[in-house]
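Report on the structure given below.
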Amino acid sequence: MAVQIALRNGEKVKVNDHVYCSPSWSVRDGTPYSVARIMEFLPPEGSSKSKGKGKEIYTRVRLAWYYRPSDVSDRPVADSRLLLAAIYSEVCDISQLRSKCFVLHRDKITDLAGWKKRPDRFYFNRLFDPYIKKEFEVIQATDVRNLPDHIRQVLISRYEYVVAEKEVVPDLTDTLRLCATCEQWCAYPDTVGCDRCKKFFHMSCVQPPLLAKPSRGYGWTCAPCSKRHEEEVDSHEVRHPTPVVKPKSNAPAPRGRGRPRKDRSLAEKEENLEIKYFKMWPFRYFGQYTVAEDTLDPDDLIFPRAATRVGPKYQAVIPSPSDNAAFSDIEERGGDNTVEVLSSIHTLAKEELVELQEWKGALTRKQENLYNVDWLTEAIRRFSQAYLMGRGWSTVDMSVPTRVEKWKRGETRFADREWSLEEIAAFEDGILLHGAELRAVRDEVGTRTMPEVVRFYGHWKNSKLTDENKRIRELRASHKGEDDEDLTTSQSAAPLSDDEGSVVREPPRGQNGCGACRTRESEMWWRAPKGLATEILCDNCGANWRKYADLSVRPVREDALSTGRKGVEKREGTPLNGPNAKRLKMLVTNGTTPPPNAATTLQLRCHACEELGPLGKIVKCDKCSLRVHAGTWGVFVDRDALGSYQCDVCKNEKTQEACLNTDCILCPSRNVYEKSPHYKGEFLRAIKATEGQGWVHVLCAVFSPEVSFADASRFQFVEGISTIPRYRWSTRCTLCGEARGAVFRCNECTKEYHASCAWNARHRFAFEIQPVRNPRRDTMMVALKGEIGVLTPIICCKEHGVSRHGLYDLCETDEVGESIMQIYCRTYKQAPTSQAHALLRKAMRLDSVLNSRPVVVDSPEPEPRCESCGTHYSPRFYPNKYNPGRWRCHKCHWPQLAGQKACQ
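For the sequence shown, the residue numbers in UniProt numbering are 1 to 904.
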């Protein structure tokens with residue numbers, strides 16, 4: 001008789017039943033329940049299984065987890081009943097099982113719409129491997145036909161499902177393929193098909209053998225078909241190609257759309273379908289990197305593979321005896337010269353240990369070092385060296401933070417240097433964005449190596465768990481005197497009967513109803529996840545969040561927050577989707593359940609103003625992770641495309657419409673200002689393309705008065721760089737000392753510098769509305785937040801006091817959400833697109849340059865000659881200030897000033 005365990009809500013579960021699993025509310029921090037399948041019941045840890053029939057005691061359970069799509073990806077999924085299977089299991093306490101649910105494969109559900117309308121029903125059709133971070137297709141084992149009969153029968157008899165890559169599924173479900181030469185089964189990796197006769201061959205059976213398959217987009221034909229085609233071409237016979245009959249698909253027939261059938265007997269039959277399990281798993285991997293004969297071995301691994309294990313990378317190379325003779329003079333490993341002694345404290349006497357403890361406390365003034373593992377390990381190593389060399393304890397010094405190791409070149413630190421406040425803020429922002437994906441977090445920090453980030457993550461997480469445990473102890477102490485019977489009675493009436501601590505007896509005062517649907521009436525209230533307007537959820541929203549991770553959040557009206565009257569609150573507008581942020585993959589203290597979604601709303605930090613804001617107001621590039629306010633970047637993105645947005649530079653890598661060299665034309669080369677100790681140039685990655693397929697920083701383009709835009713709202717197609725005066729190109733920057741690029745002058749003093757250098761030096765970039773008493777007819781005025789006047793860009797050194805100015809920062813917006821930079825560019829920097837074409841505007845600017853007078857200089861040559869291209873003909877020659885007596889023509893001079901290579 002199968003073992004059955006009764007849950008707190010009265011339901012009985014057995015092996016292979018699906019259940020909701022979750023620790024207490026304080027441990028899981030408001031995240032939804034996890035869905036899992038019971039694999040086996042286990043006795044208490046450390047005890048053996050009782051031999052008495054029916055007298056076994058079970059306190060633990062092994063669960064096979066399912067993931068929600070939002071747990072492993074940022075892609076929004078509207079279907080809250082869709083799951084991802086996994087070949088991953090863990091052991092947890094039986095007390096964490098909440099209630100029973102049902103999970104089926106998609107192909108085994110006749111009426112999917114009706115299935116999803118019933119409570120506690122889920123389905124899956126894909127599998128996610130948490131180790132290689134890859135998704136696979138899951139198909140029924142009976143649908144696999146392209147296999148030898150003996151292998152197929154073993155596969156069907158053991159497993160219910162087969163896991164494979166998406167591109168392999170059509171080959172597996174096709175009819176049995178036999179080689180036309182040897183009449184043996186054609187395995188997927190070594191098979192090639194003829195495009196004309198549709199026969200299959202082993203790559204080794206083809207004469208000559210094929211070394212590789214044709215590239216994507218190309219086909220292959222066998223020798224008889226190729227010869228027949230050549231004869232047709234030589235005979236000039238026109239043969240119409242015979243229509244290709246599409247092979248019959250093995251996929252299930254499409255289900256008709258319409259009202260679902262209400263066949264309860266069929267639904268109950270599907271719930272109780274018998275699923276085959278082999279060693280507690282219903283599926284195994286049979287994909288691109290599987291050898292079919294390995295299926296016959298019952299001990300073969302069933303996990304998905306990312307690559308084949310055959311090849312020199314995974315094999316051990318054993319040297320021959322002749323090679324070993326060459327290494328006979330090398331010292332044998334394991335001696336005193338090849339082993340580094342880390343500790344010899346165990347050889348000390350008790351008196352010496354007491355003296356050692358006193359000296360250890362005198363080595364540092366920081367008490368936290370006495371509990372630091374790295375510091376204590378290095379201290380013990382140095383004490384051991386002093387003891388082995390016969391030196392006293394007074395010779396040990398811990399003031400030097402580095403040590404010399406035998407097998408490393410140079411000195412290494414035994415402890416990481418302290419993290420600054422800026423690094424900690426960047427680290428926490430990376431954790432908020434990427435969770436425990438520490439490589440992405442390392443890129444967010446930028447100043448730390450991967451080992452340092454991993455070690456700091458452990459300390460940071462330990463501090464968070466310490467604060468959480470302290471809060472739990474205080475919470476338990478506050479509820480210690482309460483009546484537990486009333487709480488149990490109120491929980492037993494709930495749809496999810498448990499004592500997890502998430503039931504609210506009475507809504508707190510000042511709470512404006514449910515944090516999702518805004519209702520004020522409910523038979524039971526539940527604690528809400530973080531990030532909502534209130535701290536409670538109604539009975540319906542609480543069940544939907546815990547079971548299905550589905551939360552339809554209604555917008556909070558300002559008048560409803562200011563006044564708590566019932567007449568003010570009205571159901572206006574359509575419900576909005578709740579936060580669907582990627583979960584923070586943090587370990588649970590008791591190691592039970594894989595943590596589901598994070599309940600907080602996703603907040604991004606702008607690289608321009610360094611302030612947090614929601615996704616949408618701040619746009620993030622999906623490839624390079626640049627985050628800037630949408631208005632400051634000149635970006636308009638649909639709400640549905642926020643997660644897949646790419647900036648102009650990342651798009652250009654694929655389209656190659658502009659230059660692949662993304663250095664700014666108006667600034668010196670990038671490596672000049674990245675060496676600055678004050679470098680904060682993440683915002684300098686926001687660049688826009690010019691009319692000449694070059695690139696310019698948004699900062700440089702907006703603050704250059706000569707530059708205009710073809711589309712001022714989006715900062716697209718920068719024009720007019722050639723009209724920038726010559727003195728701005730030739731003046732040396734006071735910050736970096738370079739004479740390349742165009743400089744800007746401070747509004748408060750005579751210093752001149754590049755925009756990028758000023759930004760890295762933390763100079764002030766802002767806008768000011770200057771009032772005009774008697775404006776002329778052509779004066780363009782701007783009205784912003786009660787001020788009317790001329791909007792003027794301001795660049796000033798950080799040493800100047802600008803409190804007397806009413807300045808607006810770069811990310812400032814008006815009432816309609818338009819940024820101050822967009823207002824300025826739309827008003828003053830819009831090119832006359834309605835009057836002339838872009839090419840005509842460029843020609844007019846070139847005419848103004850060509851009509852300027854050439855430079856008159858005293859030269860021994862009758863006619864100047866360009867040192868780059870050697871021409872004597874140019875509308876204007878420019879002297880080379882680095883090589884007196886040398887000249888450049890107009891064509892070679894301007895690219896040289898812009899930091900580009902002159903024509904040769």
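The beta carbon of each residue, even a glycine, is placed where N, CA and C say it ideally should be.
For clarity, every value in this text was computed on a predicted model and none was experimentally measured.
Note to self: Is it buried or exposed, Gly870, if we count other Cβ atoms within 10 angstroms and call 16 or more buried?
What the structure shows: exposed
Item checked: Outcome for Pro298 when other beta-carbon atoms lying within 10 angstroms are tallied against a minimum of 16 -> exposed
Check: Counting along the chain, where does the alpha helix (DSSP H) carrying residue 906 start and finish?
Finding: Since the first residue of the chain shown is 1 and the last is 904, residue 906 is not available in this structure.
Check: Which residues in the same chain have their Cβ closer than 8 Å to the Cβ of Asp17, if we skip the five residues on either side of it in sequence?
Finding: Arg37, Ile38 and Lys100
Check: Looking only at C-alpha atoms, which of Thr412, Leu147, Arg28 and Phe744 sits nearest to Ile724?
Finding: Closest option to Ile724, Cα to Cα, is Phe744.
Notebook entry, point to check: In terms of DSSP beta bridges, what is Lys350 paired with?
Noted result: Per DSSP, none; premise fails for Lys350.
Margin query: So, for Tyr289: in the same chain, excluding its five sequence neighbours on each side, which residues have a beta-carbon less than 7 Å away from its beta-carbon?
Written below: Arg305, Ala307 and Thr308
Check: Val635: which of Pro614, Ala686 and Thr655 sits nearest, CA to CA?
Finding: Ala686
Notebook entry, point to check: If you draw a straight line from the alpha carbon of Met781 to that of Lys617, how long is it in whole angstroms?
Noted result: Each residue's alpha carbon lies about 27 Å from the other.
Next item on the list: Below 8 Å CB to CB, which residues in the same chain sit around Pro829 once its five sequence neighbours on both sides are set aside?
Entry: Reading off the sequence shown, one finds Lys at residue 829, where the question assumed Pro. For Lys829, where only same-chain residues beyond five positions count, the Cβ hits under 8 Å are Val702, Val707, Ser708, Phe709 and Ala712.
Check: Mapping DSSP to helix, strand and coil, what is Glu752?
Finding: strand
Check: Short check: CB of Ile151 to CB of Leu296, under 8 Å?
Finding: yes
Margin query: If contact is defined by three or more beta carbon pairs under 8 Å, each pair taking one atom from either stretch, is the stretch 835-844 in contact with the stretch 794-803?
Written below: no
Item checked: Ala85 versus Cys825 - alpha carbon distance -> 52 Å
Notebook entry, point to check: Leu735: buried (16+ other C-beta within 10 angstroms of its C-beta) or exposed?
Noted result: Under this definition Leu735 is a buried residue.
Note to self: With the cut-off set at 8 Å, would you say Val163 and Val138 are in Cβ contact?
What the structure shows: Inclusion of Val163 and Val138 in the CB contact set at 8 Å is warranted, their separation being smaller than that value.
Check: Alpha carbon to alpha carbon, how far is Phe877 from Leu666?
Finding: 22 Å
Notebook entry, point to check: Going by beta carbon distance, what residues of the same chain come within less than 8 Å of Ala386, once the five residues before and after it are set aside?
Noted result: Closer than 8 Å at Cβ, skipping near neighbours: Gly392, Trp393, Thr395 and Val396.
Item checked: Inter-stretch contact (C-beta, 8 Å, three-pair minimum) for the stretch 5-25 and the stretch 506-524 -> no
Margin query: Can you tell me whether Ala630 is buried or exposed? The criterion is at least 16 other CB atoms within 10 Å of its CB, across all chains shown.
Written below: Around the beta carbon of Ala630, a 10 Å sphere encloses 16 or more other beta carbons of the protein chains shown; the residue is thus reported as buried.
Item checked: His890, buried or exposed, once every other Cβ within 10 Å from all chains shown has been counted against 16 -> Buried: at least 16 other Cβ atoms inside 10 Å.
Next item on the list: Can you check the stretch 13-85 for any alpha helix (DSSP H) of at least 4 residues that lies completely inside it and give the ranges in chain order?
Entry: Complete alpha helix (DSSP H) runs here, min 4: 25-28 and 69-72.
Notebook entry, point to check: Where does Ile87 land, buried or exposed, given buried means 16+ other C-beta within 10 angstroms?
Noted result: buried
Check: What do you reckon, are the CB atoms on Glu423 and Val454 nearer than 8 Å?
Finding: no
Note to self: Let's see if you can read the secondary structure: which residues bound the beta strand (DSSP E) around Ile770?
What the structure shows: Note that residue 770 is Gln in the sequence shown, not Ile. Unbroken beta strand (DSSP E) run through Gln770: Arg764 to Gln770.
Notebook entry, point to check: Between which two residues does the beta strand (DSSP E) containing Cys889 stretch?
Noted result: Trp887 to Cys889
Check: Going straight from the alpha carbon of Asn9 to that of Arg118, what length do you get?
Finding: 19 Å
Margin query: Can you list, in chain order, the residues of its chain with a C-beta nearer than 7 Å to that of Thr489? Leave out the 5 residues immediately preceding and following it.
Written below: With a pLDDT of only 31 at Thr489, under the threshold of 50, the placement of this residue in the model should not be trusted, and no figure is reported.
Next item on the list: Note down the Cα distance separating Asp149 from Arg605, rounded to an integer number of angstroms.
Entry: 59 Å
Check: Which residue comes first and which comes last in the beta strand (DSSP E) that contains His629?
Finding: Annotation for His629: the continuous beta strand (DSSP E) segment containing it runs Arg627 to His629.
Check: Can you pull the DSSP bridge partners for Thr191?
Finding: His202
Next item on the list: Can you tell me which of Val698, Tyr161, Ala783 and Thr175 puts its alpha carbon nearest to the alpha carbon of Thr142?
Entry: Checking every option, the nearest Cα to that of Thr142 belongs to Tyr161.
Item checked: Residue span of the alpha helix (DSSP H) that contains residue 990, given as start and end -> Absent from the structure is residue 990, since the part of the chain shown begins at 1 and ends at 904.
Next item on the list: Determine the burial state of Gly390: buried for a count of at least 16 other Cβ atoms within 10 Å of its Cβ, exposed for fewer.
Entry: Answer is exposed; the Cβ neighbour count stays below 16.
Notebook entry, point to check: Thinking C-alpha only, which one of Val206, Ser343, Trp185 and Lys350 is nearest Val291?
Noted result: Trp185
Margin query: Please list the terminal residues of the continuous alpha helix (DSSP H) segment that includes Leu615.
Written below: Looking at the DSSP string, Leu615 is not in any alpha helix (DSSP H), and its letter there is neither H nor E.
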